[in-house]
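Structure first, commentary second.
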Amino acid sequence: MGAEALWKISQAPLQTHERFLLGECVRAYLPLGPEHRAEYDNLLATETFVGVKAMNKTFYEEGIEEEIERGMVEGIKRGMVEGIERGMRQELLDCAINGLEGRFGPLPAKILADLKSLSRQELMFMLTKSYRITSLDALDFDGLK
Numbered sequence: 339m340g341a342e343a344l345w346k347i348s349q350a351p352l353q354t355h356e357r358f359l360l361g362e363c364v365r366a367y368l369p370l371g372p373e374h375r376a377e378y379d380n381l382l383a384t385e386t387f388v389g390v391k392a393m394n395k396t397f398y399e400e401g402i403e404e405e406i407e408r409g410m411v412e413g414i415k416r417g418m419v420e421g422i423e424r425g426m427r428q429e430l431l432d433c434a435i436n437g438l439e440g441r442f443g444p445l446p447a448k449i450l451a452d453l454k455s456l457s458r459q460e461l462m463f464m465l466t467k468s469y470r471i472t473s474l475d476a477l478d479f480d481g482l483k
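Sequence positions in the sequence shown follow the numbering used here and run 339 to 483.
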């Protein structure tokens with residue numbers, strides 16, 4: 339009887355909040371013992387009452403789902419931005435290392451470590467500056483920071 343009442347409410351031409359309130363009234367005043375509660379829950383899980391289950395979702399649950407989805411979208415956006423930033427930085431680092439090694443041969447470990455510690459902006463500046471130097475001694479890592 340309760341499931342049928344909820345089904346009728348779910349099919350009625352009502353606004354979402356009206357359906358929710360009427361459904362809450364039915365559930366609040368539906369006299370069910372423990373054994374009937376399980377039967378009632380099983381009945382609501384059937385295909386016939388699929389709309390009732392959707393209607394029973396509370397505003398709180400809907401809000402939680404919306405916030406989770408919004409958080410996921412925001413997390414994906416941030417991850418993409420960070421991934422792009424890291425990729426651009428790595429590409430600049432590779433260009434700086436390859437350019438310097440192409441001109442001056444294998445780089446000392448200290449210079450490699452210094453290059454790897456630079457930000458993307460510092461790497462861009464270093465790369466531009468590296469075209470004008472005549473030796474590795476002319477690299478000024480301290481002047482970048």
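Note that beta-carbon positions come from the ideal geometry of N, C-alpha and C, so glycine has one too.
Have a look at the options and flag the residue whose alpha-carbon is nearest the alpha-carbon of residue i.
{"i": "I471", "options": "E439, E403 and I347", "result": "E439"}
{"i": "R357", "options": "K346, Y367 and M410", "result": "K346"}
{"i": "E400", "options": "P369, H355 and Y367", "result": "H355"}
Classify residue i as helix, strand or coil using the three-state DSSP reduction.
{"i": "Y367", "result": "helix"}
{"i": "P372", "result": "helix"}
Between the alpha carbons of residue i and residue j, how many angstroms are there, rounded?
{"i": "I449", "j": "M462", "result": "16 angstroms"}
{"i": "Y469", "j": "I414", "result": "38 angstroms"}
{"i": "G417", "j": "E377", "result": "46 angstroms"}
{"i": "R427", "j": "D478", "result": "19 angstroms"}
{"i": "F442", "j": "A434", "result": "12 angstroms"}
{"i": "Q459", "j": "L445", "result": "21 angstroms"}
{"i": "G437", "j": "E403", "result": "50 angstroms"}
{"i": "I422", "j": "E407", "result": "23 angstroms"}
{"i": "L456", "j": "G425", "result": "14 angstroms"}
{"i": "H374", "j": "E405", "result": "35 angstroms"}
{"i": "D432", "j": "A451", "result": "13 angstroms"}
Tell me the residue span of the alpha helix (DSSP H) that contains residue i.
{"i": "D475", "result": "Premise fails: D475 is in no alpha helix (DSSP H) and is neither H nor E."}
{"i": "L352", "result": "Counting along the chain, L352 falls outside any alpha helix (DSSP H), and DSSP gives it neither H nor E."}
{"i": "L450", "result": "A447 to K454"}
{"i": "S457", "result": "First-last for S457: undefined, no H or E at that position."}
For a quick check, are the C-beta atoms of residue i and residue j less than 8 angstroms apart?
{"i": "L465", "j": "L430", "result": "yes"}
{"i": "G371", "j": "L344", "result": "no"}
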